[in-house]
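Below is one structure, written out as structure tokens; comments come after it.
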């Protein structure tokens, strides 16, 4: 089964058997929640939709975004991401990975953010 691997430069720290997930975080300055929905494919991680709960520094909402339930929803056409690289430092806090409505910090699977490893990568992999 295809799922998602978490780690660095193809060194797997954790594997999750999922076909879809939401990546969520709070903007480090504005403290506004941001969410991105991904579909896992052989070609990479496909961004299906993004949501942000407001505007702020570096958080401009696209012109075609629509306001629904307090969040701006939009689609940003990108090619499949392989890998998806996320900056992760103790000062910025951690990302949450949500599956079927349950969210856990990435530290649940790979440990707390450190200055030694200031980023992490996610990519599709065989988990079965």
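Numbering (our numbering), first residue to last: 495 to 622.
In this text, a Cβ means the ideal position worked out from N, Cα and C, and glycines have one as well.
Cβ atoms of residue 565 and residue 533 stay farther apart than 8 Å, at about 19 Å. When only Cα atoms are considered, residue 577 and residue 520 end up about 22 Å apart. 501 is the residue among 501, 496, 617, 511 whose C-alpha sits nearest the C-alpha of residue 606. Take residue 598, set aside five residues on each side of it, and the residues of its chain with a beta-carbon closer than 7 Å to its own are 590, 591, in chain order. In this structure, the straight-line span from the alpha carbon of residue 549 to that of residue 573 is close to 25 Å. Non-local beta-carbon contacts of residue 585 in its own chain, meaning distances under 8 Å to residues more than five positions away in sequence, involve 522 in chain order.
A direct Cα-Cα distance of roughly 11 Å separates residue 506 from residue 618.
Secondary-structure assignment with DSSP links residue 565 through a beta bridge to 562. Judged by DSSP in its simplified three-state form, residue 512 adopts coil rather than helix or strand. In this chain, the beta strand (DSSP E) harbouring residue 534 covers 527 to 535. The three-state secondary structure of residue 598, taken from DSSP, is strand. Restricting attention to 531, 535, 518, the CA atom closest to the CA of residue 498 is found in 535. Separation of residue 595 and residue 568 (C-alpha to C-alpha, rounded to the nearest whole angstrom) is 20 Å.
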